[in-house]
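Undergrad: Before I ask anything, let me first share the structure, which is written out below as structure tokens.
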Amino acid sequence: MITPTKIFYKRIISEWKFQYGVWRTAIDWTVALYIVIPSIIFGVYQYIELWQTQLPWLSNLPPQLFTGVIFFFVWKGTVRIFIEEADQLFLWQQKSWLKQILKLSIGYSVFLKLCFNGFIFLLLAPVALGYQFSMAEFMQLFIISFLAGMCLNFVQQFFSLVYQGIIGVVAQAVLFFLAGILFVNIMPKTIGQTGLFTVIALLLSVTLGTLIFRRLTIKGTFFKDVTREQYARLRHLNFLLGFTDLNIKRPLLKRKHPTLFSSSNPLFKKRHAANCLAELGIKFVVRDIKNIWQYLQMVLVLILIVFTFPEEWMWILWVAFAALLTFFVRSYWQEFISSEFINLFPRNDKIKIAAAKKFMFIMTLPGFMMISFIAGFVTFSWLGAICGMLAGVVIVLYFSFRFNKTLLR
């Protein structure tokens, strides 16, 4: 007899078989023998060494950096809803069955999050020892991180269901930034304070229970859940394809008009080949909501790091972030320049290099100006913020114009 529980477990088994097949295709016996197994042995050896050897340089790093790393993993993850498109033929009419599958899916997601957090904390345990965390404090950090992570995963899912387009991207960015600031700054003060820890844990537990109840009762999300599940199922496959030379076509946007530059007005007054190519690349990136979200997320992560480090580290980080953000923007250019449409035109490396320099400068500048403003303000107040932004233009110009010709391939 078919029951919703049997359907759920069948889909779980199908999911694990699919993911195993994906990784099995990528890791054959030669890769496993010469790369994976030696890497695991080396990693285990280094992990044991970390337990046996103290890291004296950890005392020079702020504890906010440690909590910032934890927040990165807290943010990651999603709430899986094992619903398929064909369910509208039968399960859509069986509301009780859908609700049962939803309950089991949420329980499965909570269990996976617990296991994932446990694995990450096990890896970070030697580092926590270097920060002089006791076992009780380490467990407090684990509990708060797990509860906060589940709450954030549910809120992210609600945002994806309610807000679309640029509003959804901005909402996700604001949530990421505010949650990161609170987590990084409050966690070091919470650990070791039993009363404060109890209050925060209770608040997060009540919030999580409310979010779960709301997720079980929300209506009209079937097709959005199906679309999100399809992306979640293929996440590992997409990750592995990113390391290949295959040119995977991205799905077209469902919007009738792009969020930005919908009128296709020229961005540059001078209309020559390099400017037109750079303009096409810029519009190619910013018209995709996912690209905007990735860009904002990268900038916000770097801003959070600025808040966590002491002032004497600020300008070293500032230069490093300029190079990192420019390198990040280069990946957009490589995706654009390797697209089928661009390859229809005759290859002219001189024009492409000139366009790439302008593209990377324009795309890197807004994000790095935000980083420079925060870094300057944290270090030298308002005067530092203004000077940091002016200096940011110069350093972005420098890194953007050091474009490597090999990236055209």
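For what it's worth, UniProt numbering labels the leading residue of the sequence shown as 1, then goes sequentially. Note that beta-carbon positions come from the ideal geometry of N, C-alpha and C, so glycine has one too. This structure is a prediction, so every number in the text was calculated from the model and none was measured.
Please state whether DSSP places glutamine 132 in a helix, a strand or coil.
TA: coil
Undergrad: With 16 other CB atoms within 10 Å as the buried threshold, where does leucine 302 fall?
TA: Result: buried.
Undergrad: Apply the 10 Å Cβ neighbour rule to serine 372 and answer buried if 16 or more other Cβ atoms are within range, or exposed otherwise.
TA: buried
Undergrad: Considering only the beta carbon of each residue, do valine 285 and glycine 367 sit closer than 7 angstroms?
TA: no
Undergrad: Taking 7 angstroms as the threshold (C-beta atoms), are valine 74 and residue 460 in contact?
TA: Residue 460 falls outside the range modelled here, since the chain spans only 1 to 409, and no answer is possible.
Undergrad: In this structure, does DSSP put glutamate 84 in helix, strand or coil?
TA: Three-state DSSP puts glutamate 84 in coil, outside helix and strand.
Undergrad: Could you check what DSSP says for phenylalanine 309 in three-state terms: helix, strand or coil?
TA: DSSP places phenylalanine 309 in coil when its eight states are reduced to three.
Undergrad: Would the stretch 187-194 and the stretch 206-220 be scored as touching if the rule is three or more Cβ pairs under 8 angstroms?
TA: no
Undergrad: Can we say the stretch 225-232 touches the stretch 131-138, given the rule of at least three CB pairs closer than 8 angstroms?
TA: Counting C-beta pairs closer than 8 angstroms gives fewer than three between the stretch 225-232 and the stretch 131-138, which falls short of the contact rule.
Undergrad: Verify whether the separation of the beta carbon atoms of valine 329 and methionine 363 is less than 7 angstroms.
TA: Taking a C-beta distance under 7 angstroms as the contact criterion, valine 329 and methionine 363 qualify as a contact pair.
Undergrad: Flag this pair as yes or no: are the beta carbons of alanine 173 and leucine 152 separated by less than 7 angstroms?
TA: The Cβ atoms of alanine 173 and leucine 152 do not sit closer than 7 angstroms to each other.
Undergrad: Buried or exposed, going by whether 16 or more other CB atoms sit within 10 Å of the CB of lysine 352?
TA: Taking a 10 Å sphere around the C-beta of lysine 352, we find 16 or more other C-beta atoms and assign the residue as buried.
Undergrad: Any idea what DSSP makes of isoleucine 289, helix, strand or coil?
TA: helix
Undergrad: So, at 6 angstroms on beta carbons, what are the nonlocal neighbours of valine 306 in its own chain, with the 5 sequence-adjacent residues on each side left out?
TA: Cβ within range, chain order: Ile374, Ala375.
Undergrad: Suppose you measure from the CA of isoleucine 144 to the CA of proline 63; what does that come to, to the nearest Å?
TA: Cα to Cα, the separation comes out at about 16 angstroms.
Undergrad: So, helix, strand or coil for asparagine 153, using DSSP?
TA: In the structure shown, asparagine 153 sits in a helix (DSSP, three-state: H, G or I).
Undergrad: Let me know if arginine 11 comes out buried or exposed under the rule of 16 or more other beta-carbons within 10 Å of its beta-carbon.
TA: buried
Undergrad: What first and last residue would you give for the alpha helix (DSSP H) that runs through valine 394?
TA: 349-401
Undergrad: Does the stretch 38-45 come close enough to the stretch 98-118 to have 3 or more Cβ pairs within less than 8 angstroms?
TA: no
Undergrad: Which same chain residues end up closer than 7 angstroms to tyrosine 295 when comparing Cβ atoms and leaving out the 5 residues on each side of it in sequence?
TA: So the qualifying residues of the chain are Gly367.
Undergrad: Could you compute how far the alpha carbon of alanine 349 sits from the alpha carbon of isoleucine 337?
TA: Reading the sequence as shown, one finds aspartate at residue 349 and not alanine. Going by the C-alpha atoms only, they are around 11 angstroms apart.
Undergrad: If you draw a straight line from the alpha carbon of leucine 161 to that of tryptophan 293, how long is it in whole angstroms?
TA: When only Cα atoms are considered, leucine 161 and tryptophan 293 end up about 16 angstroms apart.
Undergrad: Would you check if there are 3 or more beta carbon pairs closer than 8 angstroms linking the stretch 64-84 to the stretch 180-188?
TA: yes
Undergrad: How is the alpha helix (DSSP H) around tryptophan 23 delimited, first residue to last?
TA: 4-26
Undergrad: Suppose you measure from the CA of phenylalanine 72 to the CA of glutamine 100; what does that come to, to the nearest Å?
TA: Near 31 angstroms, if we compare the C-alpha coordinates of glutamine 100 and phenylalanine 72.
Undergrad: Rounded C-beta distance between tryptophan 333 and alanine 356? I'm assuming under 8 angstroms.
TA: 5 angstroms
Undergrad: Do you know how far the Cα of methionine 369 is from the Cα of isoleucine 169?
TA: Before going on, a small fix: residue 169 reads as valine here, not isoleucine. So the alpha carbons of these two residues sit roughly 20 angstroms apart.
Undergrad: Please report the distance separating the alpha-carbon of valine 79 from that of glutamate 335.
TA: A direct Cα-Cα distance of roughly 29 angstroms separates valine 79 from glutamate 335.
Undergrad: From what residue to what residue does the alpha helix (DSSP H) around valine 74 run?
TA: 63-75
Undergrad: Since I believe alanine 322 is in contact with isoleucine 386 (beta carbons under 8 angstroms), could you give me their beta-carbon distance rounded to a whole number of angstroms?
TA: Rounded, the Cβ-Cβ distance is 17 angstroms, inconsistent with contact.
Undergrad: Since methionine 139 and leucine 208 are thought to touch, with beta carbons under 8 angstroms apart, how far apart are those beta carbons, to the nearest angstrom?
TA: Methionine 139 to leucine 208, Cβ: 18 angstroms. No contact.
Undergrad: What's the call for aspartate 28, buried or exposed, on a 16-neighbour Cβ count within 10 Å?
TA: exposed
Undergrad: Looking at phenylalanine 121: is its Cβ nearer than 7 angstroms to the Cβ of phenylalanine 142?
TA: yes
Undergrad: If contacts are defined as beta-carbon pairs under 8 angstroms, then glycine 77 and lysine 113 qualify, I think. What distance do you get, rounded to the angstrom?
TA: With 8 angstroms as the limit, glycine 77 and lysine 113 qualify as a contact, their Cβ atoms being about 6 angstroms apart.
Undergrad: Apply the 10 Å Cβ neighbour rule to methionine 1 and answer buried if 16 or more other Cβ atoms are within range, or exposed otherwise.
TA: exposed
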